[in-house]
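There are 4 protein chains.
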Amino acid sequence: MSAASFHALHDRLRGQVPWGADDRRGALGHITPERLAAAAGEVRLGRSVTMAAALAGSAPDNPEPGTRHMKRLPGEPSDVPGLSFAADQLVMNVHGDVDSHIDALCHVSYDGTLYNGVRPDAVTSQGASELSIDDARNGIVGRGVLLDIPRLRSVAWVEPGDHVTAAELAAAEAAQQVHVGAGDLLFVRVGHRRRRAELGPWDVAKSRAGLHPDAMEYLAERQVAALGSDSNSDAAPSGVEGVAFPVHVLAIHAMGLHLLDYLQFDDLVPACEAAGRWSFLCVVAPLRLPGGTGSPVNPIAVL
Amino acid sequence: MSAASFHALHDRLRGQVPWGADDRRGALGHITPERLAAAAGEVRLGRSVTMAAALAGSAPDNPEPGTRHMKRLPGEPSDVPGLSFAADQLVMNVHGDVDSHIDALCHVSYDGTLYNGVRPDAVTSQGASELSIDDARNGIVGRGVLLDIPRLRSVAWVEPGDHVTAAELAAAEAAQQVHVGAGDLLFVRVGHRRRRAELGPWDVAKSRAGLHPDAMEYLAERQVAALGSDSNSDAAPSGVEGVAFPVHVLAIHAMGLHLLDYLQFDDLVPACEAAGRWSFLCVVAPLRLPGGTGSPVNPIAVL
Amino acid sequence: MSAASFHALHDRLRGQVPWGADDRRGALGHITPERLAAAAGEVRLGRSVTMAAALAGSAPDNPEPGTRHMKRLPGEPSDVPGLSFAADQLVMNVHGDVDSHIDALCHVSYDGTLYNGVRPDAVTSQGASELSIDDARNGIVGRGVLLDIPRLRSVAWVEPGDHVTAAELAAAEAAQQVHVGAGDLLFVRVGHRRRRAELGPWDVAKSRAGLHPDAMEYLAERQVAALGSDSNSDAAPSGVEGVAFPVHVLAIHAMGLHLLDYLQFDDLVPACEAAGRWSFLCVVAPLRLPGGTGSPVNPIAVL
Amino acid sequence: MSAASFHALHDRLRGQVPWGADDRRGALGHITPERLAAAAGEVRLGRSVTMAAALAGSAPDNPEPGTRHMKRLPGEPSDVPGLSFAADQLVMNVHGDVDSHIDALCHVSYDGTLYNGVRPDAVTSQGASELSIDDARNGIVGRGVLLDIPRLRSVAWVEPGDHVTAAELAAAEAAQQVHVGAGDLLFVRVGHRRRRAELGPWDVAKSRAGLHPDAMEYLAERQVAALGSDSNSDAAPSGVEGVAFPVHVLAIHAMGLHLLDYLQFDDLVPACEAAGRWSFLCVVAPLRLPGGTGSPVNPIAVL
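Protein chains in written order, with the numbering used here: chain A, 6 to 308; chain B, 6 to 308; chain C, 6 to 308; chain D, 6 to 308.
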């Protein structure tokens with residue numbers, strides 16, 4: 006895609022945002038109370054499934070791994086005879102290329118602004134005074150839909166560097182007999198984690214499967230409320246002249262769409278197969294990190 | 006309560022656990038698929054509410070505060086002209102006396118064992134090889150019930166040092182016209198956070214409102230699946246001879262009950278009042294921290 | 006001191022810096038090879054003494070305490086039978102009001118610049134591209150002189166809020182029979198740590214003993230190479246109209262003087278008494294933290 | 006070397022330790038006041054040189070890199086108009102295979118004990134109650150000697166897997182016209198960092214140049230006070246049947262010798278060449294980390 010086409014697409018998507026100049030929640034606005042209440046109707050089997058991967062160790066795609074350190078161990082001498090506690094501390098980057106996380110709307114600065122014209126200096130060393138992840142403190146709760154692209158293509162995974170187009174999303178809908186609608190949380194499986202599990206981790210900064218920028222227009226039309234993937238939704242190389250993360254720019258900056266990166270669907274796919282459908286109630290509960298640029302998350306699908 | 010009475014209560018509760026010697030999920034077993042599916046019926050208004058407090062700063066009850074550091078700031082020079090990212094890192098203790106978190110079943114060692122007879126050396130400097138929080142990786146999803154003790158007593162909060170008894174829980178049920186049933190996630194509000202907000206933080210290690218140990222028997226009878234509070238459920242002083250955290254010992258060690266500590270109900274109480282009921286769908290999504298002794302959480306109530 | 010007097014003093018001190026526009030090491034330039042070699046002659050007893058305090062825990066003056074977490078414990082199961090290691094991780098703020106540390110010349114921004122006119126945006130979220138502590142990577146080695154103001158005043162400590170003037174420094178020199186000369190590392194004891202040990206920690210941001218701004222002119226005349234204190238050299242309240250940290254501004258910004266904050270002299274004072282003199286070889290070895298705004302340090306006095 | 010020979014060597018070295026059952030400082034006892042005072046005579050040029058490497062980023066030999074995060078940036082809005090500070094936080098593992106550090110005597114547990122028969126449970130999740138790095142709080146100050154093995158062999162570096170024997174240390178002494186004596190801090194250059202700089206980092210856990218175990222007997226005879234290297238002194242594979250880190254075991258556990266790992270001598274070698282000698286005053290200043298298993302350090306050579 007040429008730089009000019011990308012800019013035109015960016016401006017078009019930006020122009021369609023219906024929320025007004027003061028909006029700070031972006032596409033979450035598509036989740037109306039009616040749609041949220043209806044999403045609860047997706048729960049039939051009474052089964053919940055994680056959509057996150059376990060905290061990862063050092064790897065070529067995880068150069069600064071998060072760690073859990075023990076602060077106290079059970080069985081060690083204690084003030085109270087017979088009673089002791091195990092406790093630990095967590096040190097982790099919120100973003101990165103392995104651990105499942107959500108991007109706040111302050112995450113992307115493009116062309117001199119954040120989402121909705123907010124100035125980049127709203128984010129300082131003290132955190133984000135606007136567009137932080139705490140704007141999603143009440144959770145992102147709605148109907149989730151999983152589109153499984155390797156299933157559509159009958160392959161193990163979408164190869165790194167390859168793009169998932171809007172047309173493919175529509176084809177996956179047809180094949181899976183599910184329709185993505187307004188207020189839905191859309192999850193697109195590209196098979197990134199399966200490839201990682203089978204072939205081992207690689208330098209994903211250089212080579213990664215993701216969505217084609219034209220898929221963002223599809224998401225805008227469908228009024229999707231959030232987008233998640235087992236990749237970070239952006240292919241590498243990007244395929245857009247001069248723009249490294251076109252989906253991040255279009256989703257977060259133009260559309261105000263929260264992105265959920267590096268999820269895992271290995272538990273959800275068989276659950277959907279067993280249920281015979283690809284929609285579910287989905288609850289994303291970011292930690293309450295005021296000023297934060299995102300949060301590690303464990304999105305839960307309930308079928 | 007005398008040491009002897011406490012030990013008898015502990016053994017009685019431990020003896021009632023129905024799960025068998027290999028169980029590692031404890032009272033979560035009370036959440037059957039039928040109960041989980043029924044809980045979705047609690048969603049009527051289509052409104053979701055946080056039950057967590059924002060990450061706290063240094064205070065007398067928070068001597069080692071968690072922090073969020075910026076790793077990258079938007080607007081700074083970047084490899085890609087026009088595009089930059091904001092990113093941060095999280096450093097936080099999982100437990101403590103302010104930040105909302107869940108305790109894994111490995112958290113308490115008592116009388117030489119963890120829950121269900123697991124040896125304490127299952128937890129080493131490398132984390133817990135059994136009973137870690139990752140045993141709850143699929144989320145804790147069920148019907149939540151909030152019992153509001155200050156409302157029952159017509160006070161602003163339960164005073165530090167005071168205990169909420171089983172009888173009071175029953176009285177609150179009656180007053181609020183709600184019944185705590187099998188598989189429910191029970192939340193008991195003692196007003197800890199309101200007191201903290203109005204009077205400022207204090208040294209809660211010495212003085213804290215909580216549940217009376219006899220309330221644990223009530224929870225066992227009702228087959229509650231998890232227990233949360235805006236305190237840590239344990240009063241200080243404990244009122245039990247020679248045992249500092251009797252509720253932790255009974256809940257986690259004897260009953261296998263996950264505890265949710267230092268939640269906040271300031272958003273949930275008015276939502277329940279507006280809804281005219283005190284039950285809701287509740288989703289707790291611990292981070293995927295294999296080996297972890299717990300997790301920071303943001304439990305979401307959906308009404 | 007009025008704002009106008011302070012600005013005049015600042016400009017006067019800044020005007021005296023002899024190093025040229027490209028200088029990034031400031032007053033360290035006063036340590037010539039000859040002076041460094043001569044300083045080795047201070048070693049006679051063959052005794053070395055720490056000038057740092059042990060890593061401190063949470064306290065009113067230490068709201069974000071550093072921590073040391075165990076990563077591995079000896080005696081735990083290991084890949085190699087019979088052999089195991091103990092290892093830990095360090096998390097600590099470089100600055101703060103308790104732990105002994107050195108300030109790099111990038112630490113202070115005043116009137117729109119760092120030391121020697123360097124632009125503040127030389128420091129980004131990625132660290133300092135100029136004036137970082139790595140400019141002192143070869144250590145600060147020279148003759149150290151300790152002036153003990155409580156000894157001069159025959160008091161236990163200088164009271165918080167009180168200032169040590171240039172005249173007092175001169176009086177201490179006379180009383181201790183030592184002369185502060187060119188290239189010396191000057192240490193001024195105000196008794197801060199003794200007060201903290203005896204009365205307990207307090208909120209030092211509001212009330213702290215330190216040097217009077219006029220002492221900076223004295224240091225400039227003497228061509229001192231670095232300044233350390235058991236306080237942070239700045240009194241609180243500052244005594245200067247509209248400037249909170251006048252000594253930091255004058256020392257770091259105007260003079261290019263590295264500051265060593267919150268040292269401890271409880272080991273050094275008796276060592277000096279035993280030696281019958283108040284000068285010694287001093288070695289400050291900042292960690293090699295490229296881009297760093299300072300470093301925790303353990304300055305060593307050798308007598 | 007057979008397991009039996011190693012055990013015999015270990016017992017022989019352990020039996021020679023002259024310090025008594027209560028000793029906790031090990032070979033540091035060889036640094037007498039006379040020897041320390043004499044070491045100051047090594048200072049002639051008035052030049053100080055770092056022996057540490059800059060904090061390293063992620064690499065195959067650095068899977069959990071330390072980080073420096075900015076806490077505050079200069080030029081950002083501040084309480085005091087015109088004045089602002091730059092501040093950062095340090096998160097780093099004390100040990101590892103790249104960053105320069107010192108091992109405390111509690112670091113190695115072998116055959117059920119730490120150095121001098123101390124029980125391993127002296128180290129808990131709360132740190133080391135004995136043999137911590139704070140036992141070296143007054144610094145390690147003495148005569149340093151650098152033996153340059155690649156120079157002796159006329160090669161760029163000692164190949165990974167190769168060992169430096171006692172005989173080679175003696176040959177290097179002869180070639181460099183320096184004699185390692187009682188109380189000296191011995192530094193052995195194997196060229197590890199030069200190889201890393203020229204060929205890039207590799208997995209040093211599998212392949213690393215180091216000292217032959219027989220070199221430890223040589224060090225014991227010479228009454229060396231501490232041992233440093235640009236490697237970690239231990240070769241990989243170890244060459245000893247069933248023991249992965251024989252030099253660590255012999256040095257720390259049997260002899261009570263502090264090890265300085267992953268130093269860099271690229272600054273020191275040319276300084277020694279310019280000075281025409283290979284001895285110098287050396288100051289190692291561990292941070293004051295009570296309970297710590299070691300410390301990051303920046304050892305300073307003064308010539």
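Idealized CB from N, CA, C, for every residue including glycine. This one's a predicted model, so the numbers in the text were calculated from it and none came from an experiment.
In this structure, how does DSSP classify residue i when only helix, strand and coil are distinguished?
i: residue 36 of chain A; result: coil
i: residue 149 of chain A; result: strand
i: residue 301 of chain B; result: strand
i: residue 172 of chain A; result: helix
i: residue 219 of chain C; result: helix
i: residue 274 of chain B; result: helix
i: residue 121 of chain D; result: helix
i: residue 116 of chain D; result: coil
i: residue 132 of chain C; result: strand
i: residue 213 of chain A; result: strand
i: residue 140 of chain D; result: helix
i: residue 239 of chain B; result: strand
i: residue 295 of chain B; result: coil
i: residue 30 of chain B; result: coil
i: residue 184 of chain C; result: coil
i: residue 280 of chain B; result: helix
i: residue 256 of chain A; result: helix
Over what stretch of residues does the beta strand (DSSP E) that includes residue i continue unbroken?
i: residue 191 of chain B; result: 190-194
i: residue 313 of chain D; result: With chain D covering 6 to 308 only, the question about residue 313 of chain D has no answer from this structure.
i: residue 263 of chain D; result: 263-266
i: residue 231 of chain B; result: 231-234
From the options, pick the residue whose C-alpha is nearest to that of residue i; which is it?
i: residue 136 of chain A; options: A:305, A:262, A:83 and A:308; result: A:262
i: residue 159 of chain B; options: B:87, B:180, B:280 and B:128; result: B:180
i: residue 156 of chain C; options: C:132, C:128, C:207 and C:270; result: C:270
i: residue 173 of chain C; options: C:164, C:186, C:154 and C:188; result: C:154
i: residue 184 of chain C; options: C:236, C:202 and C:282; result: C:282
i: residue 201 of chain A; options: A:191, A:230, A:163 and A:220; result: A:163
i: residue 58 of chain B; options: A:142, A:43 and A:55; result: A:142
i: residue 253 of chain A; options: A:113, A:90 and A:274; result: A:113
i: residue 299 of chain D; options: D:10, D:34 and D:108; result: D:108
i: residue 293 of chain B; options: A:103, A:196 and A:152; result: A:103
Closer than 9 Å by beta-carbon distance: list the chain D residues that pair up with residue i, in chain order.
i: residue 81 of chain A; result: 126, 129, 130 and 131
Going by the C-beta, is residue i closer than 7 Å to any heavy atom of the ligand PLP?
i: residue 240 of chain D; result: Summarising the ligand content, the structure contains no ligands, and the ligand PLP is consequently not present.
From which residue to which residue does the alpha helix (DSSP H) around residue i run?
i: residue 9 of chain D; result: 8-21
i: residue 286 of chain D; result: Counting along the chain, residue 286 of chain D falls outside any alpha helix (DSSP H), though it belongs to the beta strand (DSSP E) covering 284-289.
i: residue 202 of chain C; result: 197-204
i: residue 157 of chain D; result: 154-158
Anything in chain B within Cβ reach of residue i, meaning under 7 Å, just list it in chain order.
i: residue 76 of chain D; result: 74
Name the chain C residues whose beta carbon is nearer than 7 Å to that of residue i?
i: residue 301 of chain D; result: 292
i: residue 134 of chain B; result: Result: empty, since nearest Cβ-Cβ is about 10 Å, beyond 7 Å.
At 7 Å on the CB atoms, spell out the chain D contacts of residue i, in chain order.
i: residue 94 of chain B; result: 74
Going along chain D in order, which residues have a C-beta closer than 8 Å to the C-beta of residue i?
i: residue 70 of chain A; result: 68 and 69
Where are the beta strand (DSSP E) runs, 3 residues long or more, that stay fully inside the stretch 43-110 of chain D, in chain order? Listed in chain order, the complete beta strand (DSSP E) runs (minimum 3 residues) inside the stretch 43-110 of chain D are 53-55, 72-77, 88-90, 92-98 and 106-108.
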